[in-house]
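See structure below.
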Amino acid sequence: MFFGLSIEKLLLIGLIAAVLIGPERLPRYAEGLAHWTARARDFLQGARSRVKEEMGEDFDDVDWRKLDPRQYDPRRIIREALLDDPPVPTVKAVSASAAILAATDSTPEQERPRADDEPTPYDSEST
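Heads up: the sequence shown begins at 480 in the numbering used here, then just goes up one per residue.
Right, dumping it as structure tokens:
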């Protein structure tokens, strides 16, 4: 159950409450508990309908069991991440990058050595 309470403990608490309240006040307290439970149920139903109204049709499509945080097992997540193979470059991607480099025919600024008398490159927009 919740908060470490089992059915037996709840029954014992209810029995002690019934003895302490007494037979004269017990119906009034039971009626108040029923009224409070009905109000809580109405509040939760209203909250659910407002969320459904604001989310629209997407609310029905959500698989809430899939989003339950209790299903996540860190060991399984790490195992799956470690077993995933890294992406292997394909022949098409390698040949495309080689073709691009061959078409430019110029070496990038960073790879070209700068002469001693050449000024240092300056970009006025970057500062």
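Glycine residues also receive a C-beta, built at the ideal position from the N, C-alpha and C atoms. Since the model is a prediction, treat every value here as computed from it, not as a measurement.
Residue state for Thr516 is assigned as helix, using DSSP reduced to three classes.
A Cβ-Cβ contact shorter than 8 Å links Ala497 with Leu505. In the three-state scheme derived from DSSP, where H, G and I count as helix and E and B as strand, Phe482 is classed as coil.
Excluding sequence positions up to five before and after Arg518, its CB lies less than 8 Å from no other CB in the same chain. Between the C-alpha atoms of Glu559 and Pro553 there is a straight-line separation of about 10 Å.
Taking C-beta atoms as the reference points, Phe538 and Lys531 count as a pair closer than 8 Å. Rounded to the nearest whole angstrom, the CA to CA distance from Gly511 to Phe522 is 16 Å.
The DSSP-derived three-state label of Gly501 is coil.
Within the model, the alpha-carbon separation for Glu536 versus Gly525 is close to 17 Å. Assignment of Val541 by DSSP, reduced to helix, strand and coil, places it in the coil class.
In the structure shown, Asp521 falls within a helical segment according to DSSP collapsed to helix, strand and coil.
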